[in-house]
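Each remark here refers to the structure printed beneath this line.
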Amino acid sequence: MTIATGTDSCPWAPWPPRLLGMAPDAGAIRDIDWDGVRLHIVTGKGGTGKTTVAAALALALAADGRRVLLAEVEGRQGISQTFDVTPLGLTEVRIAHAANGGEVFGLSVDAKAALLEYLQMYYKLGRAGGLLEKFGAIDFATTIAPGVRDVLLTGKVYEAVRRRRDHRAKGPGAAPAYDAVVVDAPPTGRVVRFLNVNHEVADLAKVGPIRSQADSITAMLKSPQTAVHLVTLLEEMPVQETVDTIAELRATGMPIGGVVVNQMREEILTLDVLEAAAHGGISREDVAADLTRVHVRATNALVNGLLTEARDHAERVALERDEATVVAALGRPTYRLPSLSEGVDANGIRELAETLKAQGMA
Amino acid sequence: MVPVLDVDALIGDPQTRIIVCCGAGGVGKTTTAAALGLRAAESGRRVVVLTIDPARRLAQSLGLTTLDNTPRPVKGIDDTLGGSLDAMMLDMKRTFDDVVEAHATAEKAEQILANPFYQAVSSSFAGTQEYMAMEKLGQLRLEADRDPDNPRWDLIVVDTPPSRSALDFLDAPKRLGSFLDGRFIRLLAAPAKAGGRAYLKVFSAGVNVATKTLTKVLGGQMLSDVQTFVAALDTMFGGFRKRADHTYALLSDRMTTFIVVAAPERDALREASYFVDRLDEEQMPLAGLVVNRMYRVSAPGLSAARALGAAEALDDEDSGGPSGDASPKDPGRTPITQGLLRMHAIQAEIAARHESLAKRFVAGHPGIPMVEVPAASGDIHDLVGLRLVGNALAGS
Chain A
1 MTIATGTDSC PWAPWPPRLL GMAPDAGAIR DIDWDGVRLH IVTGKGGTGK
51 TTVAAALALA LAADGRRVLL AEVEGRQGIS QTFDVTPLGL TEVRIAHAAN
101 GGEVFGLSVD AKAALLEYLQ MYYKLGRAGG LLEKFGAIDF ATTIAPGVRD
151 VLLTGKVYEA VRRRRDHRAK GPGAAPAYDA VVVDAPPTGR VVRFLNVNHE
201 VADLAKVGPI RSQADSITAM LKSPQTAVHL VTLLEEMPVQ ETVDTIAELR
251 ATGMPIGGVV VNQMREEILT LDVLEAAAHG GISREDVAAD LTRVHVRATN
301 ALVNGLLTEA RDHAERVALE RDEATVVAAL GRPTYRLPSL SEGVDANGIR
351 ELAETLKAQG MA
Chain B
1001 MVPVLDVDAL IGDPQTRIIV CCGAGGVGKT TTAAALGLRA AESGRRVVVL
1051 TIDPARRLAQ SLGLTTLDNT PRPVKGIDDT LGGSLDAMML DMKRTFDDVV
1101 EAHATAEKAE QILANPFYQA VSSSFAGTQE YMAMEKLGQL RLEADRDPDN
1151 PRWDLIVVDT PPSRSALDFL DAPKRLGSFL DGRFIRLLAA PAKAGGRAYL
1201 KVFSAGVNVA TKTLTKVLGG QMLSDVQTFV AALDTMFGGF RKRADHTYAL
1251 LSDRMTTFIV VAAPERDALR EASYFVDRLD EEQMPLAGLV VNRMYRVSAP
1301 GLSAARALGA AEALDDEDSG GPSGDASPKD PGRTPITQGL LRMHAIQAEI
1351 AARHESLAKR FVAGHPGIPM VEVPAASGDI HDLVGLRLVG NALAGS
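Going down the list, the protein sequences come from chains A and B.
Per our numbering, the first sequence runs over residues 1 to 362.
Per our numbering, the second sequence runs over residues 1001 to 1396.
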C-alpha cells in the first residue's frame, strides 16, 4: 500500500483533474476562458452557492483595475449579505475594491424602478408616472403581466452592459461604463424562462415597445458577449439540474458558459485507502496500535468510529466521483472551488476569486 | 433545554390533518415531506403527499413517473397497520384549467382557456405555482372528506414550491386574488361602467392617461387580451377572492401544522428564521424546525485538535522526529492511521460548525421544538432511504 496522506497535487481534487473535464493542460497557466464576454450570468440549483460564486467571479473580473457591476434580480439582498455591506438600494454603489484599482459595484435590480426609469427615459412621463402608480398600473405591469417583469429586469441589465462611461460618447470605440456585468440570476429551475424573455412576451405583445425591447435584450443574451455559467455541487440533484439546464439553454440558443463545482471537500485519503475503507480492508489492530503509540486511548468505540467514518466517507467520495463523471461528460470548461471551513465571509470571497482566476475563469 | 420536535406524536395525533413543509430551496423539503408521509402511512394513517418539483429518482421511488395531477398509490409500503400512501406531483396549468372549468359555463371556460393572456398567466405568472399548490391543497382536502364515514385520506402532507422567497406561497392566494379583484384591471375591463360611478369621475382623466400610457408601452393588443380575459373571468372574481380567503383560513386552522425545514448553513437558517417569525406574525401553527444534513462523526470522543495532534505525533515518529522512537513498524500502515485521524479532524470541525449554527438558531428562537437529521452519505431515492430519514425525524 502506498502513502496514505495525499494532498500533493491539487488539494481539492480527490481524482485526477481530467475526470473533471478540465482542459488537458489544466494546472498550467492558461488564457482566460471568457475573453470577449461582458455579461456573465450565474445560475445554479438553490443551495449550491450561486450568489457566492457570482460575487467571487465579479471580484476576479475586477482585478487589474477593471470596473465590474454585480447585479441581483430577485431582491434577496444576497450580495450585500455576502460582502457584508448595507442593503443595496436603487442606485449602483461600490461594494468592493479589487487589485490595482479594480472596483465592484452592486445593484439590486427592481422591476418597478426599472419601469419608471424606462418610462422616464423613453416617454418623458413626468406626472403620468405618479398617476400610473396611483391606479395600480405599475403594480400590474411589474408583478402581474406575465413576462413583463422579466423584460424589465433583464432590460436593466441590458442597459448596464451597453452604458458608456461618458454618456455623450458614441460608436464602438467609446469606453463602456462597466468592463463586465455579472448577474446573480434566478436558480436553474427558472433561469431559462427568465432569460428567454422574447418567448415570454411573444404571445402577448406582438408589436409595441415591450416587444422591441425584448428583441434587443434577446439579441444581446444570445450573442457571444454573454455566457451563462452553472454552479453545482457534486450531488445528484444539483448535477441533474445542471445537465437539464444546459440542454434547455442549448435548445433556446443561449450561450452556455462554464460549470463551477462548488464546495469541494479537501481530500485526505488516497484512492487505495478509500477502497480499503469501503470494503473493511483496514486492519483494526494496526490502527489501534498506532493510536496507542501516540498515547490516544484506542477504545473499541474509537477505532470502530474511525473506521465507520472512513467507510461513510469512501461511499460519499464514490458518489461524488460518479457525479464528477457526469459533469465531465458535459464537455464544458469546469472550475473547482473549495469548501471554506469557516463559511463564506468577505475574505473567503477573495480567496474564491483568486481560485477562479488561477483556473482561468477570469 | 431545547424542546424536541416529536414527529411521532405529531403524525400520531388524529387532529393533525395537514402538514406543510416549508423552507429555502435545496434544504431537503421534498425528502422531508415524503419521509413524513411514509412514516405516517406505515403507522396507520391514510396519507397523501403533494410534491411540487421532486428530484427524478425520488419521484420514481414514489411511483411518480407521470405528471398527471392525480394522486397515485405508492407501492411497497408496509400497510399492516391499515395505512395507505398516495403521492402526486403538481401540474400547475392543469390545476388552473380545472378551476376555470369548475367555475364557468362550458362556453365561457372555452373562451378563457383559449385566451393568450390566460395561457401566459396559467403557465408562467410568477405566483401561479404557489397559488395552484394552495388550490390543490384545498381540492385534496375536499376530496379527502367527500365520504365522511370512509375518508380517502386523513392526513395531507404538502411540500411547498421552491419560491424566490420561501414565504411566497402564503402571499400568493392573496396576491392573485387582489390582482383579479384589482381596481386597475377592473377599470381596464369596463371603463364605461366604471366611469359612471361618482368617485371615479374625479379620476377619469387620470385613468385615461394611465390607460393610454400602458397601451403605448405594452401594446394595444396585449391590453385587449387582458380585457377579454377579465371580462370572461368576471363571473369568477368573487370565487377567486373567496377561495383565497378559504385557503388562508385552512392554513391557519388548528388541524394544519407547519414544519420549517433548514440545512445547517447560514443562508438556509436565516431563511428559516425569517419564516418562523412570519408564521408567528400570521398566527400560523408551527410544529417546529427540522435541520437536515447535520454532519455527525462516529467517534465523537476524539476532538479535532486531539486527532490532529495524534496525526502529527505519528508524523514525527515517521521522520525519526522528537520521540526518536525506533520501534519497528510496517511502512504502509502508519500513514493509514494518520489519514483516518486527519479525515476525522476535518469532519469533527464540520460537525462542530453545524452544531454551533443550530445552537445559535435555538438561542434566537427559544421554545421552538427542533429535530436534527444526520447527513446521509448518499442521495435518497427509495423507500428504504425515506424510512431511515423517517427514523431520524422521529429521533430514533
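We treat Cβ as the ideally placed atom computed from N, Cα and C, and that holds for glycine.
Just so we're clear, the structure is a prediction, and the values are computed from it rather than from any experiment.
Does residue 337 of chain A come out as helix, strand or coil in the three-state DSSP assignment? strand
Find the nearest neighbour of residue 175 of chain A within the set A/92, A/326, A/66 and A/90, judged by alpha-carbon distance. A/66
Under 7 angstroms between beta-carbons, which chain B residues line up against residue 273 of chain A? List them in chain order, please. 1336 and 1339
Quick one: grab the DSSP three-state call for residue 1335 of chain B. helix
Expressed to the nearest angstrom, what Euclidean distance is found between the alpha-carbon atoms of residue 99 of chain A and residue 1246 of chain B? 57 angstroms
So which residues of chain B does residue 287 of chain A contact, with C-beta pairs closer than 8 angstroms? 1336, 1337 and 1340
For residue 217 of chain A and chain B, any beta-carbon pair shorter than 7 angstroms? no
Beta-carbon contacts of residue 57 of chain A that lie in its chain and below 7 angstroms, excluding the five residues immediately before and after: 40, 42, 182, 356, 361 and 362
Rounded to whole angstroms, what's the CA-CA distance from residue 1254 of chain B to residue 1285 of chain B? Just pull it up for me. 7 angstroms
Does any residue of chain A have a CB that is nearer than 7 angstroms to the CB of residue 1134 of chain B? no
Using only alpha-carbon positions, find the residue among B/1252, B/1350, B/1384 and B/1161 that is nearest to residue 1092 of chain B. B/1161
Does the Cβ-Cβ distance between residue 1361 of chain B and residue 1279 of chain B come in under 7 angstroms? no
Buried or exposed (CB count within 10 angstroms, at least 16 for buried), residue 229 of chain A: buried
Determine the chain A residues that contact residue 1398 of chain B at a beta-carbon separation under 8 angstroms, and present them in chain order. Outside the shown range of chain B, which is 1001 to 1396, sits residue 1398 of chain B, and nothing can be said about it.
Top-ranked residue by Cα proximity to residue 1338 of chain B, from B/1099, B/1313, B/1385 and B/1069: B/1313
Within chain B, the residues that residue 320 of chain A reaches when beta carbons sit closer than 8 angstroms: The contacting residues do not exist; residue 320 of chain A stays about 10 angstroms from chain B at best.
Between residue 1264 of chain B and residue 1394 of chain B, how many whole angstroms is the CB-CB distance? I'm expecting something under 8 angstroms. About 20 angstroms separates the two Cβ atoms, so there is no contact after all.
Give me the chain B residues within the contact set of residue 313 of chain A, using Cβ-Cβ distance strictly less than 9 angstroms, ordered along the chain. 1343, 1347 and 1377
Beta-carbon within less than 8 angstroms of residue 225 of chain A's beta-carbon, same chain only, minus the 5 sequence neighbours each way: which residues are those? 36, 37, 38, 39 and 161
Residue 1035 of chain B and residue 1389 of chain B - do their beta-carbons sit closer together than 7 angstroms? yes
Taking only three categories from DSSP, how would you classify residue 1259 of chain B? strand
Answer yes or no: do residue 1343 of chain B and residue 269 of chain A have a C-beta to C-beta separation smaller than 7 angstroms? yes
Contact check, residue 214 of chain A vs residue 274 of chain A, beta carbons under 7 angstroms: no
Let me make sure I understand the geometry here. Which of B/1341, B/1135, B/1078 and B/1096 has the alpha-carbon closest to that of residue 1248 of chain B? B/1135
For residue 1129 of chain B, count the other beta carbons within 10 Å of its own beta carbon; 16 or more makes it buried, fewer makes it exposed. Which is it? buried
Please list, in chain order, the chain B residues whose beta carbon lies closer than 8 angstroms to that of residue 309 of chain A. 1297, 1298, 1299, 1340, 1343, 1344 and 1347
Got a sec: is the Cβ-Cβ distance from residue 316 of chain A to anything in chain B below 7 angstroms? yes
Selected residue, minimal CA-CA separation from residue 1045 of chain B, among B/1099, B/1155 and B/1212: B/1155
Counted within 10 angstroms of its Cβ, other Cβ atoms place residue 1004 of chain B as buried (16 or more) or exposed: exposed
Using beta carbons (cut-off 7 angstroms, strictly below), is residue 110 of chain A in contact with chain B? no
Beta strand (DSSP E) segments (min. 3 residues) lying fully within the stretch 230-310 of chain A: 256-264
Per DSSP, cross-strand counterpart(s) of residue 182 of chain A: A/40 and A/70
Under 9 angstroms by beta carbon: chain B residues contacting residue 305 of chain A: 1297, 1298, 1299, 1300, 1301, 1302 and 1344
Does residue 1388 of chain B get closer than 7 angstroms to chain A when you measure Cβ to Cβ? no
Would you verify that the beta carbon of residue 1269 of chain B is, or is not, closer than 7 angstroms to some beta carbon of chain A? no
Does residue 294 of chain A get closer than 7 angstroms to chain B when you measure Cβ to Cβ? yes
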